[in-house]
Structures are given as C-alpha cells and as structure tokens.
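Only one structure is covered here, and it is reproduced in the block below.
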Amino acid sequence: CYYASRTSDAPRHVIILNNFTVQLLQEPAQAFLIETPDAAYQLQVYGEGPTAEEWVQALRPLADTPMEGHAFEDRRTAVGVCAIIPYQKKSFTKPKAGELQTAALRLAKELAEMYPWQRNYVVYNPLAEPAKTGLLRKTYQLGTLEVHRSLDKSLTWLNCVAETDMHSAANILGERNIYGFLKTLPLERKLTMLKDLSPDLQHEIHDFGPILMDALLSDIADEQAVYRQSKKDGPLTRDQIKEQLVVLASLAKSTMFNAGGAFTVEMPKVQQLVLLGVRAAVLCSRLVTFMDKMMPSRRSTSVTNASGFWIDKFFENLAGRCGVPVTKLVTAEGFNIDKAKSKLRSALTKAKTKPKAYLRSLRSGRSAQAPNETGWKPENLAIPWAVVQSYKCRERAVIQENKGRISSARQRLEAFNQIHTTRKYAY
Numbered sequence: 017c018y019y020a021s022r023t024s025d026a027p028r029h030v031i032i033l034n035n036f037t038v039q040l041l042q043e044p045a046q047a048f049l050i051e052t053p054d055a056a057y058q059l060q061v062y063g064e065g066p067t068a069e070e071w072v073q074a075l076r077p078l079a080d081t082p083m084e085g086h087a088f089e090d091r092r093t094a095v096g097v098c099a100i101i102p103y104q105k106k107s108f109t110k111p112k113a114g115e116l117q118t119a120a121l122r123l124a125k126e127l128a129e130m131y132p133w134q135r136n137y138v139v140y141n142p143l144a145e146p147a148k149t150g151l152l153r154k155t156y157q158l159g160t161l162e163v164h165r166s167l168d169k170s171l172t173w174l175n176c177v178a179e180t181d182m183h184s185a186a187n188i189l190g191e192r193n194i195y196g197f198l199k200t201l202p203l204e205r206k207l208t209m210l211k212d213l214s215p216d217l218q219h220e221i222h223d224f225g226p227i228l229m230d231a232l233l234s235d236i237a238d239e240q241a242v243y244r245q246s247k248k249d250g251p252l253t254r255d256q257i258k259e260q261l262v263v264l265a266s267l268a269k270s271t272m273f274n275a276g277g278a279f280t281v282e283m284p285k286v287q288q289l290v291l292l293g294v295r296a297a298v299l300c301s302r303l304v305t306f307m308d309k310m311m312p313s314r315r316s317t318s319v320t321n322a323s324g325f326w327i328d329k330f331f332e333n334l335a336g337r338c339g340v341p342v343t344k345l346v347t348a349e350g351f352n353i354d355k356a357k358s359k360l361r362s363a364l365t366k367a368k369t370k371p372k373a374y375l376r377s378l379r380s381g382r383s384a385q386a387p388n389e390t391g392w393k394p395e396n397l398a399i400p401w402a403v404v405q406s407y408k409c410r411e412r413a414v415i416q417e418n419k420g421r422i423s424s425a426r427q428r429l430e431a432f433n434q435i436h437t438t439r440k441y442a443y
C-alpha cells in the first residue's frame, strides 16, 4: 500500500504483486524498481527506516523470473477486483431515497452489456445524510458504488457423482470425468493438448481426441451464449466483438498451425478439426433469428459475423498446414465443409432441435448436467451495503482518484475499465 501523505488513513493504492522482479537503481539515490508484466513502479525511500538496498533484499526472495506469456492475459485473473466510485447528482430538489440503488441497477446493466463474459456485482453504500454543495442547483453526494468482479459466466459447472462411484476406475477414466477435467483447464492448456495430439488421435485414454474437441466446442458455445444475451449491439461495435471472441480467435491463431511436420486431409486429427469448425459454424448461423435478420444493429448478427471471420481463418490455416485449398478439407465421412454443414443442418431440422436447445447441448457436451442459464438480471447484480458489510474482504484495489463528478454512464464505464486494462489491481 502507499498513501498520499504520512497522515492519510486510507491507502491511495493497493498493489498486489504477483510475478515481479525487483532491482536497485543507481539514479536517483535510494530508489529501486519493481516490474510486473503490465507495469513498472519506481519507488524512492525518504526519511528514516529501511534503506532502498534493504527493501530490495527483503523483496528479492519473493520475486520471480519474468514469465513469457504471463497469466495476466487470462480473463479469470481479474476475479476479486473492486472499484469504488463516488456517486453524486446535481438537482434543484433533494434526490429520492432510492436514487443510489437505481444508479447501481443502471451500472450493473451497463457493465453486463459492455463486458458480456463477466459477472460484476455492484454494491451501493449510501451516506446517512447526503452531503450537498451549491446554491440553487445543488450537488448531492449520495454515497459510493463498489463494483466487485466474480467468476466469469463462461466458466464450467459442477458435475455430481455418487460416492460409491467416485473412486471407481470406470468413473475416473470415463468420458464424463475426462470431459469435466478438460473443461476446468484454461483454454491455453487445451490448445496445447490439441497441438500435442498425435495425427492419428492415438492416446492412452480411449477417445481422448474427440473428448478434447467436445470440450473446445463447449468453450466456443459458452462464449457464444454470453455474447448473445443483449438483443442490440449496444456499446460494443462489431470490430470490438470480433476482438473479444477470445476462444475462436485463439483457436484460429493456434501455434498448432505453425508446428513442424506436414498434415494431410486423410489424418483423423485433421478430419476431427474440420468437424469442430463445421459444428461451430452451424451453431453460429442457427442462433441468428428472423428478427435479427430484419432489424439493424442486432447483437446476434454481429456475433455471428465476427465468429464467421475467425472460423474462416481457422479453416484457412488448417488448409494451409495441409497444403491444400479449403475446398479439399473433408470430415471422416468424406464430406467437404459445405456438404458437412448442410448435412448437420438437415439432421438438426429433422430432429426438430431448436437453436437454443442445440446451444445447450453443445455447452453440456459429455456432461450429465446441462449448464445453468447465463442470462443476467440487473436486480440480482446490485446489492445493498448492509448485506455485504459483515463479510471480511481480502486486499482490494481502490480507485478514488476521480473525486469529481462521475455520473454519466460513459464516465463510470471508463473508470471501471481502467482496472481491467491495467491488471495491477487484480489479486
């Protein structure tokens, strides 16, 4: 923690260091440098107390070697972030009692639209008596809004097993258990497994290749579900949506396409990858409703267009690795991409499988349970301070620098977005 002055009661910033290096500086005197993957902090010692060299010696055993491809890029590392935003309103009359709660509900909805994959809770803490300044049109300080980030909506769900079956070999090596284990792994780890998978899909675990493909497809379906919660594009442009589709983008740009050794279209691994892309493409196209096609600026249409970009890139990179045109890629049944899509659509239509049911089935994959709905309700994301004040929080990052008027939606979103772009507030 560091403070604005020696007499300050509350810290100005709380920096939770994870994966950092520390070194003593020659200039200026009594200074040392702390570097993280995202930021650098130059600290200088004044007055009595430990010297800069003593600080470095104390911190060095805790420091790490800088990591390549650091974990700060993982969305889940920001879990626990808290932003405190002072809220005020200008008015000729005294604001109503529920004004701060209304602001919390509005902020919860705006955050859900701006960051679809996140689950953010807004805690409103009203002042006992709103402070006011001004003559005619007074400025009322109503209290604060705290934004707490919880687990992402696209994370996996629990799968229950009877106690008698928990330790059996059939359960441990069963496809449901393996699938559930793969779902708990970060996307980067699953992509590494996919890269290391043999071309003939031979593995000590039976059907490991198809199970891994289902886990990846479930991740894609999770991402599609959370980005289609809003009917309209809202604050996100189509280009922003394209950049935020991390699962599809990571799959399309996988280092698997740069590894040594040639692929051929006859390889089981390539045919399974083609099927993976086909299933993802059909999913995205079926989630566009008739109203989405008729109305402008629809979120579902934008997500499908952005997803199509990455799916096309995936097929192009796969075909490039095989040294053939995209039209030569085939599934295990010998169907090219267009034919495979047509066959899958026909099968879903014949089975009367609705788009949302198909989405749920892909998200469930080989799990015995279907995932919970990821729809957000703003009233469930705004919580009064009295409910949470009894809980003891860990170290938190506090933003209180913008003590000016923060009342517009854009200003609140920018203040909160500062946390997610700097990462140094994550613990």
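Heads up: the sequence shown begins at 17 in the working numbering, then just goes up one per residue.
Positions of the beta carbon are idealized from the N, C-alpha and C atoms, including for glycine.
Everything numeric in this text was worked out from a predicted model, so none of it was measured.
For E259, which residues from the same chain have a beta carbon less than 8 Å from its beta carbon, with the 5 sequence-adjacent residues on both sides left out? For the purposes of this step, residue 259 is taken as residue 243 along the sequence shown, with counting starting at 1. So the list reads A265, once near-sequence residues are dropped.
From K344 to I101, what distance separates their C-alpha atoms? One-based indexing of the sequence shown puts residue 344 at position 328. One-based indexing of the sequence shown puts residue 101 at position 85. Roughly 56 Å separates the two Cα atoms.
If I measure Cβ to Cβ from M229 and keep anything under 6 Å in the same chain, skipping five residues before and after, which residues do I get? Start at 1 with the first residue of the sequence shown, and residue 229 comes out as number 213. By the criterion of a C-beta distance shorter than 6 Å, M229 is surrounded in its chain by Q288, L292, once the five residues flanking it on both sides are discounted.
Endpoints, the alpha helix (DSSP H) within which N136 is located: Sequence index remark: in the sequence shown, residue 136 carries index 120 (1-based). For N136, there is no enclosing alpha helix (DSSP H); the enclosing beta strand (DSSP E) has its first and last residue at 136-149.
Is V242 near W326, with beta carbons less than 8 Å apart? In the sequence shown, counting from the first residue as 1, residue 242 sits at position 226. In the sequence shown, counting from the first residue as 1, residue 326 sits at position 310. Annotated as distal: V242 and W326, with beta-carbon spacing of 8 Å or more.
Look up R361 in the DSSP assignment and say whether it is helix, strand or coil. Here residue 361 refers to the residue found at position 345 of the sequence shown. In this structure, R361 counts as helix in the three-state DSSP scheme.
Who are the near neighbours of A56 in its chain, counting only those whose CB is closer than 8 Å to its CB and skipping five residues on each side? Locating residue 56 in the sequence shown gives position 40, where the first residue counts as 1. Contacts found: L49, I50.
With three or more C-beta pairs closer than 8 Å as the rule, is the segment 308-325 touching the segment 244-256? yes
Tell me whether the beta-carbon of L261 lies closer than 8 Å to the beta-carbon of L232. Position 245 of the sequence shown holds residue 261. Position 216 of the sequence shown holds residue 232. Cβ distance not < 8 Å, so L261 and L232 don't count as in contact.
Is the CB-CB distance between E191 and I227 below 8 Å? For the purposes of this step, residue 191 is taken as residue 175 along the sequence shown, with counting starting at 1. For the purposes of this step, residue 227 is taken as residue 211 along the sequence shown, with counting starting at 1. Cβ distance < 8 Å, so E191 and I227 count as in contact.
Figure out for me which residue from L161, A147, R135, V290 has the closest Cα to the Cα of N141. Working through the sequence shown from its first residue, we reach residue 141 at position 125. For the residues L161, A147, R135, V290, the minimum Cα distance to N141 belongs to L161.
Please classify A74: does DSSP put it in a helix, a strand, or coil? In the sequence shown, counting from the first residue as 1, residue 74 sits at position 58. The three-state reading of DSSP puts A74 in helix, counting H, G and I together.
Assign S323 to buried or exposed, taking buried as 16 or more other Cβ atoms, counted over all protein chains shown, within 10 Å of its Cβ. Taking the first residue of the sequence shown as position 1, residue 323 is located at position 307. Per the 10 Å Cβ criterion, buried.
Along the alpha helix (DSSP H) that carries L378, what are the first and last residues, could you check? Walking along the sequence shown from the start, residue 378 turns up at place 362. From DSSP, the alpha helix (DSSP H) with L378 extends over 371-380.
Comparing alpha-carbon positions, which option in R165, E282, T149 lies nearest L217? Taking the sequence shown and counting its residues from 1, the one referred to as residue 217 is at position 201. Closest option to L217, Cα to Cα, is E282.
Taking the alpha carbon of V286 as the reference point, which residue from L210, Q39, Q46 has its own alpha carbon closest? Indexing the sequence shown from 1 puts residue 286 at position 270. Measuring from the Cα of V286, the nearest candidate turns out to be L210.
First and last residue of the beta strand (DSSP E) that includes V38? For the purposes of this step, residue 38 is taken as the residue at position 22 of the sequence shown. First-last of the beta strand (DSSP E) with V38: 37-41.
What would DSSP say about A45, mapped onto helix, strand or coil? Looking up residue 45 in the sequence shown gives position 29. It is coil, neither helix nor strand.
List the DSSP bridge partners of S107. By 1-based counting over the sequence shown, the position of residue 107 is 91. Note: S107 sits in a beta bridge opposite K154.
Cβ neighbour criterion (16 or more within 10 Å) applied to K368: As a working mapping, residue 368 is identified with position 352 in the sequence shown. The residue in question, K368, is exposed, as its Cβ has fewer than 16 Cβ neighbours within 10 Å.
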